[in-house]
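What follows is one structure encoded as structure tokens, with my remarks underneath.
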Amino acid sequence: MLHLTDLFKDIETELGIMKDINNFKAVRDLISHWINTRSFIKKNRRKGKKIVGICLPPCDLIYAFQNTLPIFPLRLHLGTFDALSNADISLKNAVNEGEAFGCETDQCVQIRTIYGCILLTKDLMDFWIGPQTCDKQTKIWEIINENFLPVQLVDAPHKTREHDFEKMRDEFDLLFERLVNLTGFRPSDDDLRDSVLMSNEIRSKWWKVYELLKNKVIPIHASTIINILNYGIFDWFSDPQFLKRLLNDLYDEMAEKIDRGDSIVDDKAPRILIAGNGTMEPQLPDIVETLGGIIIAVTMRYEWVYPQVDLNIRGDIRNNIAKHQLEIYHSWRTQPRLRFAKKLIKDFKIDGVIYNSCWGCRRFSPAARLYKDELQEELGIPVLLNDFYMFGEHLDQLKTRVGAFIELLTG
Numbered sequence: 040m041l042h043l044t045d046l047f048k049d050i051e052t053e054l055g056i057m058k059d060i061n062n063f064k065a066v067r068d069l070i071s072h073w074i075n076t077r078s079f080i081k082k083n084r085r086k087g088k089k090i091v092g093i094c095l096p097p098c099d100l101i102y103a104f105q106n107t108l109p110i111f112p113l114r115l116h117l118g119t120f121d122a123l124s125n126a127d128i129s130l131k132n133a134v135n136e137g138e139a140f141g142c143e144t145d146q147c148v149q150i151r152t153i154y155g156c157i158l159l160t161k162d163l164m165d166f167w168i169g170p171q172t173c174d175k176q177t178k179i180w181e182i183i184n185e186n187f188l189p190v191q192l193v194d195a196p197h198k199t200r201e202h203d204f205e206k207m208r209d210e211f212d213l214l215f216e217r218l219v220n221l222t223g224f225r226p227s228d229d230d231l232r233d234s235v236l237m238s239n240e241i242r243s244k245w246w247k248v249y250e251l252l253k254n255k256v257i258p259i260h261a262s263t264i265i266n267i268l269n270y271g272i273f274d275w276f277s278d279p280q281f282l283k284r285l286l287n288d289l290y291d292e293m294a295e296k297i298d299r300g301d302s303i304v305d306d307k308a309p310r311i312l313i314a315g316n317g318t319m320e321p322q323l324p325d326i327v328e329t330l331g332g333i334i335i336a337v338t339m340r341y342e343w344v345y346p347q348v349d350l351n352i353r354g355d356i357r358n359n360i361a362k363h364q365l366e367i368y369h370s371w372r373t374q375p376r377l378r379f380a381k382k383l384i385k386d387f388k389i390d391g392v393i394y395n396s397c398w399g400c401r402r403f404s405p406a407a408r409l410y411k412d413e414l415q416e417e418l419g420i421p422v423l424l425n426d427f428y429m430f431g432e433h434l435d436q437l438k439t440r441v442g443a444f445i446e447l448l449t450g
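Residue 40 is where the sequence shown starts when you use this note's numbering, and the numbers rise one by one after that.
Printed below as a string of structure tokens:
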């Protein structure tokens, strides 16, 4: 029988994910599930399920449609062993595909990557939900709708005033009816509540795993959390029951290693927070660890499972889901995200912040200087501004800058 460690035998053994495959059964289960993503989706399509592509977390609604599965296209594109084990190349191929079909090169790498992944996996999806969080993104969703897949655009207000909520509720109702037409199934309010309860349970379990990283003993490599586990936040790995078992098992294994003092880094290793855009160089977690640090948290992923974002199941459940989505969109504004970063810094005892700026991003990149100045002046936390344009490029420069930053933190 071929084992995962045999599959990864030709990969550089310094990769954190390789070590975690050896040390955690939960990680082996996660990777096995990941590299079978495409076959899993194909199997469910043959059973008649509709596959809905998403790039933001509206799982609470989609799972209420019993014959429907959500999928994050980046996971689908990387959903084979060959693609995952060569992630830099696979993601760069996705960017090139997007640029070849109308995605302008001045757009941020996050949009170019997602667009390319959609193009490369469009035959495995039936529908796309396109959040309108920026003008450049909206243009891409329009191209997809005109040429490749039916799309429901979802406006994304960034304030929480009464008329913003009314707009969000209207957007929810439009999306709900499109999904009814797609699937032929109309969920009841009880179906919606069951989906919300399931998602609340998953978010709670996920946060418990994150909270283990508050300890000085760090039992798992950041590349496993950032490059593998965190991508399931978008779609619950298209299998919520699997994810619940996985999070339980991962928590138990991590807690056991913490009790034994099995840490992958020295307890004096600088603890680093990633802020800014969530799309980053996949090798960054391993670069940081090789140079003596450890990435503990990422604002753009942690905020989606933070306990305060649990969804209320009482009262009008549709209003509650719409309000929840509005609060998520609002949390991406500069000041709410900066406040959350400060909370993570205090709770997780962060020593330094790497602010990830994707070239072309007009939402998060302009806030880089504000983060740097305010975190240094208010909390005394050094901030490294990292400009990111393409996967697998300028790695020597990145290593040099991260190395100098870690020396600053340890000095």
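Each residue gets a CB set at the ideal place from its N, CA and C atoms; glycine is no exception.
In this text, all values refer to a predicted model and were calculated from it rather than measured experimentally.
Segment contact: the region 280-297 against the region 85-92, fewer than three CB-CB distances shorter than 8 Å; contact not assigned. DSSP places Gln146 in the coil class of the three-state scheme, outside both helix and strand. Nearest in C-alpha terms to Gln105, of all of Ile303, Ser234, Asn61, is Ser234.
With three or more CB-CB distances shorter than 8 Å, the region 251-266 counts as touching the region 316-326.
Fewer than three beta-carbon pairs drawn from the region 409-422 and the region 300-308 are found closer than 8 Å, and the two stretches are therefore not classed as touching.
By the Cβ-count criterion, Lys296 is buried, with 16 or more other Cβ atoms from all chains shown falling within 10 Å of its own Cβ. DSSP places Thr318 outside both helix and strand once states are collapsed to three, so it counts as coil. Excluding residues up to 5 positions away in sequence, Pro309, Ile311, Pro421, Leu448 lie with their Cβ nearer than 6 Å to the Cβ of Gly391 in the same chain. Between Val148 and Gly169 a beta carbon distance of about 18 Å is seen, past the 8 Å cut, so the two are scored as non-contacting. Contact holds between the region 378-389 and the region 238-255, because three or more Cβ pairs, one in each stretch, are under 8 Å apart.
The closest CA to that of Leu231, considering only Arg353, Leu113, Lys161, is found on Arg353. For Glu320, same chain residues with a beta-carbon under 7 Å away, outside a window of 5 residues either side, are Phe427, Phe430, Leu437 in chain order. For Ala336, DSSP records a beta bridge to Leu312.
Contact check for Gln364 against Met207 passes: the beta carbons are separated by less than 8 Å. Residues of the same chain with a CB within less than 6 Å of the CB of Ile445, apart from the 5 flanking positions on each side, are Pro309, Leu330, Gly331, Gly332 in chain order.
Within a 10 Å sphere around the beta-carbon of Leu409 sit fewer than 16 other beta-carbons, which makes this residue exposed. Following the DSSP letters along the chain, one finds Val248 inside the alpha helix (DSSP H) bounded by residues 228-250. Closest by C-alpha distance to Ala65, out of Leu423, Trp371, Asp291, is Asp291. A Cβ-Cβ separation of about 4 Å places Ile313 in contact with Val337 under the 8 Å criterion.
In this chain, the beta strand (DSSP E) harbouring Lys89 covers 89-92. Taking C-beta atoms as the reference points, Leu221 and Phe187 fail to come closer than 8 Å.
By the CB criterion at 8 Å, Ile267 and Val304 fall outside the cutoff. Residue range 190-194 is occupied by the beta strand (DSSP E) that includes Asp194, with no alpha helix (DSSP H) assigned at that position. The C-alpha of Ala361 lies about 44 Å from the C-alpha of Lys307.
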